[in-house]
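Down below is the structure, laid out as structure tokens.
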Amino acid sequence: MSKNPDVYRLWLSTNSFQKQIEYLTGNNFQLLAMDDAILYMKRKKSVENGRPIAITFDNGYQEFYENVFPILIQKQYPATILISPSKVGTSTTMGTTKVDYLSWGTLKELRRNGIIIGAYEDAAWNINDIPGDVVRAHIVEYKKILEDRLGEQIHYFGVKEGVPEPAIRDLLVSEGYDAFLTECPTHRKPDLYAIGRIQVDDDDFNIFLTKVSRTYLFFKDKKSWKYIREYS
Numbered sequence: 034m035s036k037n038p039d040v041y042r043l044w045l046s047t048n049s050f051q052k053q054i055e056y057l058t059g060n061n062f063q064l065l066a067m068d069d070a071i072l073y074m075k076r077k078k079s080v081e082n083g084r085p086i087a088i089t090f091d092n093g094y095q096e097f098y099e100n101v102f103p104i105l106i107q108k109q110y111p112a113t114i115l116i117s118p119s120k121v122g123t124s125t126t127m128g129t130t131k132v133d134y135l136s137w138g139t140l141k142e143l144r145r146n147g148i149i150i151g152a153y154e155d156a157a158w159n160i161n162d163i164p165g166d167v168v169r170a171h172i173v174e175y176k177k178i179l180e181d182r183l184g185e186q187i188h189y190f191g192v193k194e195g196v197p198e199p200a201i202r203d204l205l206v207s208e209g210y211d212a213f214l215t216e217c218p219t220h221r222k223p224d225l226y227a228i229g230r231i232q233v234d235d236d237d238f239n240i241f242l243t244k245v246s247r248t249y250l251f252f253k254d255k256k257s258w259k260y261i262r263e264y265s
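Just add 33 to wherever you are in the sequence shown, counting from 1, and you've got this note's numbering.
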């Protein structure tokens, strides 16, 4: 989330985010906290008014606190941040722009205000491109570090892409994670340890409307979306 034009395309402007949120809340979508979304997937929670949706933000950039958090807190919308504990309080460069990560103090403030915090694997774009021993170590270590620093249990582990192999899945379960979040949405049967998320960026609003429709998931399953996106 950024007001700065000198960032990568996958970022989302504050104005676009506000427009998208207004559309969702005004068009029969019900925003759920991730904890409630998991209960819904387990059929332990019902959603009577609207189509359920949960919002997540990867990486944990400081601009979330500056640009997104005020909108969420004002409207009392739930959200989840996934962050690698090794990045907390540090910075990186995107293009020519310096980008700061959230600090531990800010993460605690966000948590006090209802934002859910989860662990994020950013050693590679796809989890299957990371050596298994590294992933296993991070699953254990990231949870412990975040829990020690934030003083509460961490229930979610996320990646940009990829689905965990059975051994990794078993470790996630044994370590007490309630869900694994990736980016491969589908119409197929839901799986708590392969929850597919839809990336929303600063594209034309019509693309956003397609992404939040069931039509998008149909084309994703058919593996046609990248061609539609490229040639539309």
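Even for Gly, the Cβ is constructed at its ideal location relative to N, Cα and C. Remember, it's a predicted structure, so these values are computed and weren't measured experimentally.
Within 8 Å, strictly: CB atoms of residue i and residue j
i	j	result
Leu225	Ile71	yes
Phe213	Lys52	no
Tyr153	His188	no
Ile104	Phe50	yes
Asp234	Trp44	yes
Pro223	Met74	yes
Ile231	Lys244	yes
Ile149	Met67	yes
Whole-angstrom C-beta distance between residue j and residue i, which should lie under 8 Å
i	j	result
Gly191	Asp91	7 Å
Gly93	Leu65	Contact doesn't hold; Cβ gap of about 21 Å is too wide.
Ile178	Pro118	4 Å
Inter-residue spacing [alpha-carbon to alpha-carbon] between residue i and residue j
i	j	result
Trp258	Thr248	Confidence is the limiting factor: at Trp258 the pLDDT is only 49, short of 50, which leaves the residue's position unreliable, though a coordinate-based value still follows. Using only the alpha carbons, I get a separation of about 10 Å.
Gly151	Phe251	29 Å
Ser246	Ile88	15 Å
Asn146	Leu140	10 Å
Gly165	Thr215	17 Å
Asn48	Arg202	38 Å
Gly83	Arg76	16 Å
Gln107	Asn100	12 Å
Boundaries (first-last residue) of the beta strand (DSSP E) holding residue i
i	result
Asp236	Run containing Asp236: none; DSSP gives neither H nor E here.
Trp158	Ile149 to Asn159
Residue range of the alpha helix (DSSP H) that includes residue i
i	result
Phe97	Taken as a continuous stretch (DSSP letters only), Phe97 belongs to no alpha helix (DSSP H), as it is neither H nor E.
Taking one C-beta from the segment 163-179 and one from the segment 123-139 each time, how about it: are there three or more such pairs within less than 8 Å? no
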